[in-house]
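Single-structure report; data block below.
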Amino acid sequence: MVLLSAPCWLRSRLTDRFWRVQEVLKYARHFRGRKNRCYKLAVRSVRRAFVKSTKARREKKRFLRALWITRIEAASLEHGLKYPAFISNLLKSQVELNRKMIADLAIYEPKTFKSLAALAQRRREEGFLAALGDGKEPEGIFSRIVHHY
Numbered sequence: 006m007v008l009l010s011a012p013c014w015l016r017s018r019l020t021d022r023f024w025r026v027q028e029v030l031k032y033a034r035h036f037r038g039r040k041n042r043c044y045k046l047a048v049r050s051v052r053r054a055f056v057k058s059t060k061a062r063r064e065k066k067r068f069l070r071a072l073w074i075t076r077i078e079a080a081s082l083e084h085g086l087k088y089p090a091f092i093s094n095l096l097k098s099q100v101e102l103n104r105k106m107i108a109d110l111a112i113y114e115p116k117t118f119k120s121l122a123a124l125a126q127r128r129r130e131e132g133f134l135a136a137l138g139d140g141k142e143p144e145g146i147f148s149r150i151v152h153h154y
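Using the working numbering, the first residue of the sequence shown is number 6, and each one after it goes up by one.
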């Protein structure tokens with residue numbers, strides 16, 4: 006068996022423990038102090054970092070939903086509707102857009118959002134049958150409206 010260098014010879018003699026330690030230290034390289042060099046300290050820090058990153062992913066979902074709701078509320082107030090009335094009347098009008106899409110429409114497509122606000126306003130004022138107009142769909146429009154009698 007021919008080995009070209011001393012480090013290759015050393016690594017061939019080492020067990021899996023070396024690679025396990027290196028795996029942990031790889032995740033700890035950017036830490037400050039001894040946490041990025043000492044295995045015992047690095048294990049604790051890396052475990053805590055992974056736990057915090059898992060919790061942060063859940064927090065991110067909550068934070069983004071709150072951001073979307075804030076944006077929708079601000080945009081709907083411009084059109085004279087409060088957020089709960091806007092969302093409930095959109096649902097009653099069977100507009101199935103999620104909050105992320107509605108918030109994007111409020112920012113990037115204000116005319117489309119204005120038409121959604123007008124639809125919600127119309128539904129709020131006149132009720133479900135009036136929101137449909139005369140009950141007939143315009144030519145070339147397909148919808149899945151459920152009639153409640």
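Just so you know, even glycine gets a beta-carbon here, dropped at the ideal spot from N, CA and C.
query	result
Stretch-stretch touch, CB-based, cutoff 8 angstroms, three pairs: the region 112-131 with the region 82-100	yes
Residue nearest to Val100 in terms of C-alpha spacing, selected from Ser10, Ser120, Arg34	Ser120
Beta-carbon proximity list for Ala129, same chain, < 7 angstroms, skipping 5 on both sides	Looking at the sequence provided, one finds Arg at residue 129 rather than Ala. Closer than 7 angstroms at the Cβ level, and outside the excluded window around Arg129, lie Ala90, Asn94.
Val48 (DSSP reduced to helix, strand or coil)	helix
Arg37 - containing alpha helix (DSSP H), residue span	It is not in any alpha helix (DSSP H) - Arg37 carries neither H nor E in the DSSP assignment.
CB of Ala33 within 9 angstroms of CB of Asn41, strictly	yes
Sequence-distant residues of the same chain with beta carbon closer than 6 angstroms to Arg76, five excluded per side	Ala108, Ala111
Ser98 versus Glu64: straight-line alpha-carbon distance, rounded	31 angstroms
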